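Here's the structure, in structure tokens; my notes come after.
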Amino acid sequence: MPEAAGRLVATILPLLLGASWGAAHGQQPDIVGTWEWTRKKDGCPEQFVYRRDGTLSIRRGEERTENTFRMSWAPEPGGRYRVAVVTVRDDGGRDCDGSTEDSTGRQGVVYVLFGQSRETMIQCGSPAGADCTGLMRRTAP
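The opening residue of the sequence shown carries number 869 in this note's numbering; numbering runs sequentially from there.
The structure is reproduced here in structure tokens:
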């Protein structure tokens, strides 16, 4: 009987763990895709292309950067997801703030809050919602 019980546990446990992981995973918004918005104050366009492999291309005005990112699995208490970003290459150009500074090697964190449809989001400088930008819209998966 112990052998049969062991086989039963070995059969059921992976199914239970898989179901739990899938349920939790299904609740996390998917940031992968192309997100765009245009700043109202100066008409400067911004585009963020998040990829499944953890890379991120950002275009802000004339500036182009290549980055890596990692999004948290669970939201902060305010519902925002922490996204850590590292710039691995800055191709130059003037960004939306007028800067031409090379940001290669820069590390930062943003907190994203998804709209109910999960096709819109804002990015904030803190989990409390300071310095938010957007409303960004997903323009491509």
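Every residue, glycine too, gets a C-beta built ideally from N, C-alpha and C.
Since the structure is predicted, the reported quantities are computational estimates derived from the model, not experimental observations.
Query - In DSSP terms, what Val980 is bridged to - result: Tyr949 and Gln991
Query raised in the report: Would you call the region 912 to 932 and the region 958 to 974 in contact, with 3 or more CB pairs under 8 angstroms?
Result: yes
Report task. Can you say whether Pro882 is buried or exposed, counting buried as having 16 or more other CB atoms within 10 angstroms of its CB? Result -> Because Pro882 sits at a pLDDT of 35, beneath the cut-off of 50, its placement in the model cannot be relied upon, and the following sentence gives the value as read from the coordinates. Label assigned to Pro882: exposed.
Query raised in the report: With 16 as the cutoff for other CB atoms within 10 Å, does Thr933 come out buried or exposed?
Result: buried
Query - Proximal residues to Arg1005 (C-beta, below 8 angstroms), its chain only, five neighbours per side dropped - result: Trp903, Glu904, Trp905, Glu987 and Thr988
Query raised in the report: Between Thr972 and Ser985, what straight-line distance do the alpha-carbon atoms span, to the nearest angstrom?
Result: 34 angstroms
**Report entry** Alpha-carbon to alpha-carbon, Val951 and Val877
**Finding:** Residue confidence is low: Val877 scores 36 on pLDDT, short of 50, so the model does not pin down where it sits. No coordinate-derived value is stated.
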